[in-house]
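The sequence shown begins at 2 in this note's numbering and counts up one residue at a time.
Everything below concerns the one structure shown next.
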Amino acid sequence: MKINLAVFISGRGSNLQSIIDSISRGELPLDLKIVISDNREAYGLKRARKAGIEARYVNPGAHDSEKGYEQQILTLLKEREIKIVALAGFMRLLSPYFLEQFSGEVMNIHPSLLPAFRGLHAQKQALEYGVKVSGCTVHFVDEGMDTGPIILQESVPVYDDDDEDSLAARILKKEHQIYPQALKLYATGRLQKKGRRVKILPEKK
Ligand code: GRF
2 MKINLAVFIS GRGSNLQSII DSISRGELPL DLKIVISDNR EAYGLKRARK AGIEARYVNP
62 GAHDSEKGYE QQILTLLKER EIKIVALAGF MRLLSPYFLE QFSGEVMNIH PSLLPAFRGL
122 HAQKQALEYG VKVSGCTVHF VDEGMDTGPI ILQESVPVYD DDDEDSLAAR ILKKEHQIYP
182 QALKLYATGR LQKKGRRVKI LPEKK
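Written as structure tokens, this is what we have:
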């Protein structure tokens, strides 16, 4: 039996698409049961529906508290026996309550080489800082913003004539590779967490 996955998005959903494509090519042994968005207009919801995947807009404005909102999401996850959540451009920070209540794992992708340039506009931060190399990181989610244990990273060069868009596009190509890879490592039982360090176990023969 495959492990059930949920993807949370807020916008474009290109990382979601890379996960959908990798599952449909038979490369990622996960069952993508539901895509959840906090934004009704998220293009990623269309991508999910096109692929025949349940796509739900969960309205944060419909709840008095963050806890109520997260409770609605937790119920959706429980009903679908979700074991792994992949945040893919989801613009909200999950609360300690959510992380405590959800019994599975939560991963995120961030467009910088963490721990550099956490938070919003990571590519712009990297350019303004003047780094010569940037990249992307897939990590487990903890209570901080972009602070959890690192699973995979990939680097890209930063060129003198880069602007935010050109750097973001170069990084995004790598994101589309490493997110499905990290999820596959999880799905095949090859990730071992020890404190902050995530060991990648050899492939099982
Ligand atoms: C990506 O750059 C991701 O790293 C960041 O938000 C962006 C989402 O893009 N967390 P998309 O919606 O997957 O196209």
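All C-beta atoms in this analysis are idealised placements derived from N, C-alpha and C, irrespective of residue type, glycine included.
Consult DSSP for residue i and reduce its assignment to one of helix, strand or coil.
| i | result |
| --- | --- |
| Asp-163 | coil |
| Lys-34 | strand |
| Ile-172 | helix |
| Ile-83 | coil |
| Asn-16 | helix |
| Ile-10 | strand |
| Pro-158 | strand |
| His-177 | helix |
| Gly-45 | helix |
| Glu-144 | coil |
| Ala-188 | helix |
| Ile-152 | strand |
| Gly-62 | helix |
| Glu-67 | helix |
| Ile-54 | coil |
| Ser-23 | helix |
| Lys-133 | coil |
| Glu-101 | helix |
Can you tell me whether residue i is buried or exposed, with buried defined as 16 or more other CB within 10 angstroms of its CB?
| i | result |
| --- | --- |
| Met-2 | exposed |
| Tyr-130 | exposed |
| Met-108 | buried |
| Lys-195 | exposed |
| Pro-181 | buried |
| Leu-121 | exposed |
| Tyr-187 | buried |
| Val-157 | buried |
| Asn-40 | buried |
To the nearest angstrom, how far is the alpha carbon of residue i from that of residue j?
| i | j | result |
| --- | --- | --- |
| Ile-201 | Asp-164 | 34 Å |
| Gln-1 | Asp-162 | Nothing can be reported for residue 1, as the shown portion of the chain is limited to 2 through 206. |
| Ala-49 | Arg-13 | 11 Å |
| Ile-85 | Pro-30 | 12 Å |
| Asp-65 | Phe-141 | 28 Å |
| Arg-198 | Lys-175 | 22 Å |
| Asp-32 | Asn-5 | 5 Å |
| Ile-83 | Ile-35 | 9 Å |
| Ser-15 | Asp-147 | 19 Å |
| Gln-193 | Ser-104 | 17 Å |
| Leu-88 | Ile-110 | 7 Å |
| Glu-80 | Leu-114 | 35 Å |
| Leu-173 | Leu-46 | 19 Å |
| Gln-72 | Leu-78 | 10 Å |
| Glu-28 | Tyr-44 | 24 Å |
| Ile-21 | Ala-52 | 8 Å |
| Arg-57 | Leu-168 | 31 Å |
| Arg-171 | Arg-93 | 24 Å |
Residue i and residue j look like a contact to me (Cβ under 8 Å); what is the Cβ gap, rounded to whole Å?
| i | j | result |
| --- | --- | --- |
| Gln-178 | Glu-155 | 7 Å |
| Phe-99 | Leu-75 | 7 Å |
| Ser-96 | Glu-67 | 6 Å |
| Asp-143 | Gly-149 | 4 Å |
| Val-159 | Lys-185 | With a Cβ gap of about 28 Å, Val-159 and Lys-185 do not count as contacting. |
Please tell me whether, using a cut-off of 7 Å, the distance from the CB of residue i to the nearest non-hydrogen atom of ligand 3 is below it.
| i | result |
| --- | --- |
| Val-132 | This structure lacks ligand 3; the ligands present are ligand 1. |
### Query
Relative to ligand 1, what is the chain-ordered list of residues with a Cβ closer than 5 Å to any of its non-hydrogen atoms?
Matched residues: Gly-12, Arg-13, Gly-14, Ser-15, Asn-16, Ala-89, Gly-90, Ile-110 and Pro-112.
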